[in-house]
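Everything on this sheet refers to the single structure shown next.
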Amino acid sequence: GESVGLHLPTLSVQEGDNSIINCAYSNSASDYFIWYKQESGKGPQFIIDIRSNMDKRQGQRVTVLLNKTVKHLSLQIAATQPGDSAVYFCAENGSSNTGKLIFGQGTTLQVKP
Amino acid sequence: DGGITQSPKYLFRKEGQNVTLSCEQNLNHDAMYWYRQDPGQGLRLIYYSQIVNDFQKGDIAEGYSVSREKKESFPLTVTSAQKNPTAFYLCASSPDRASPLHFGNGTRLTVT
Chain A
959 GESVGLHLPT LSVQEGDNSI INCAYSNSAS DYFIWYKQES GKGPQFIIDI RSNMDKRQGQ
1019 RVTVLLNKTV KHLSLQIAAT QPGDSAVYFC AENGSSNTGK LIFGQGTTLQ VKP
Chain B
107 DGGITQSPKY LFRKEGQNVT LSCEQNLNHD AMYWYRQDPG QGLRLIYYSQ IVNDFQKGDI
167 AEGYSVSREK KESFPLTVTS AQKNPTAFYL CASSPDRASP LHFGNGTRLT VT
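One line per chain: the protein sequences are A and B, in this order. Add 958 to a position in the first sequence, counting from 1, and you land on the number used in the numbering used here. Add 106 to a position in the second sequence, counting from 1, and you land on the number used in the numbering used here.
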């Protein structure tokens, strides 16, 4: 079935370093991808999105890269801060046109002071 | 401030009881969604609604029911038929099919 997976369950980085969180998706029909950040006890918060007609998109301290050839998505966080500590999920829209999203398992980012 | 309100934040029920989780949005979004999250896992879609008075089953709809009588409200009922109801339930909305989902802060349901 459709699935979105993440390469690593936990990523630990030093404060100030750059973080890279990876995601593999399986549905080649997906044309919209989103990264969410979820803090403990809260709902996911939108970080950045990208459509399949792009391979890179930048936000404030974050960059999303999309490689459609290998069905790979990554989120880069520059100068990681303690407040970035959370679980990060990638999501794809799959082959439907209903707006629903398919989520990966999540990667926990731990920022060491 | 516009947003999605889920209530209550914590809910406790005895096995065999039905329970309804509230979700209200004042974002004027057409589409609303219910997801379930289990510890250490991603989100799984229970039900979604793209317009008032219409809704569709998601991937894990068994043991759940919903209604969409008003644009701003999408309550989820966890019935006694749901075999493993203890979980974190997240409601979301979006203005259209090409936009990201906006999430509420969830309801943590514990059934004993």
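A virtual CB, placed ideally from N, CA and C, is assigned to each residue, including glycine. Every value quoted in this text rests on a predicted model; they were computed, and no experiment measured them.
query                                                                                                                                                         : result
Please confirm if residue 209(B) has its CB atom under 8 Å from at least one CB of chain A.                                                                   : yes
Thinking C-alpha only, which one of 1039(A), 1051(A), 1056(A) and 1043(A) is nearest residue 1008(A)?                                                         : 1051(A)
According to the Cβ coordinates, are residue 184(B) and residue 174(B) closer than 8 Å?                                                                       : no
Does chain A have any CB closer than 8 Å to the CB of residue 160(B)?                                                                                         : no
I'd like to know if residue 117(B) contacts chain A, where contact means its C-beta is closer than 8 Å to some C-beta of that chain.                          : no
Measuring only between beta-carbons, confirm whether residue 195(B) sits less than 8 Å from chain E.                                                          : Chain labels in this structure do not include chain E; the protein chains are A and B.
Would the stretch 194-203 of chain B count as touching the stretch 137-154 of chain B if we require 3 or more Cβ pairs under 8 Å?                             : yes
Under a Cβ-count criterion, where at least 16 other Cβ atoms within 10 Å of its own Cβ denotes burial, should residue 176(B) be classed as buried or exposed? : exposed
How long is the line joining the alpha carbons of residue 179(B) and residue 134(B), rounded to whole angstroms?                                              : 10 Å
With distances taken between CB atoms, is the gap from residue 170(B) to residue 147(B) smaller than 8 Å?                                                     : no
Rounded to the nearest angstrom, how far is the Cβ of residue 1005(A) from that of residue 995(A), given a contact under 8 Å?                                 : 5 Å
Rounded to whole angstroms, what's the CA-CA distance from residue 975(A) to residue 1068(A)? Just pull it up for me.                                         : 12 Å
So, does the stretch 118-135 of chain B touch the stretch 1018-1038 of chain A, judging by three or more C-beta pairs under 8 Å?                              : no
With a Cβ-Cβ cutoff of 8 Å, do residue 1001(A) and residue 212(B) count as a contact?                                                                         : yes
Figure out for me which residue from 186(B), 193(B), 151(B) and 166(B) has the closest Cα to the Cα of residue 115(B).                                        : 193(B)
Could you give the distance in angstroms between the alpha-carbon of residue 1038(A) and the alpha-carbon of residue 987(A)?                                  : 33 Å
What separation, rounded to the nearest whole angstrom, lies between the Cα atoms of residue 110(B) and residue 128(B)?                                       : 10 Å
Using DSSP's beta-bridge definition, name the partner residues of residue 124(B).                                                                             : Paired residue(s): none; residue 124(B) is not in a bridge.
If you drop the 5 nearest sequence neighbours on each side, which residues of the same chain put their C-beta closer than 7 Å to that of residue 973(A)?      : 1038, 1039, 1040, 1069, 1070 and 1071
Using a Cβ-Cβ cutoff of 7 Å, what residues of the stretch 1045-1061 of chain A are near chain B? List them in chain order.                                    : 1047, 1055, 1056, 1057, 1058, 1059 and 1061
Can you tell me the Cα-Cα spacing of residue 998(A) and residue 1044(A), whole angstroms?                                                                     : 7 Å
Can you name the start and end residues of the beta strand (DSSP E) that residue 1047(A) belongs to?                                                          : 1044-1050
Are any of the Cβ atoms in chain A nearer than 8 Å to that of residue 174(B)?                                                                                 : no
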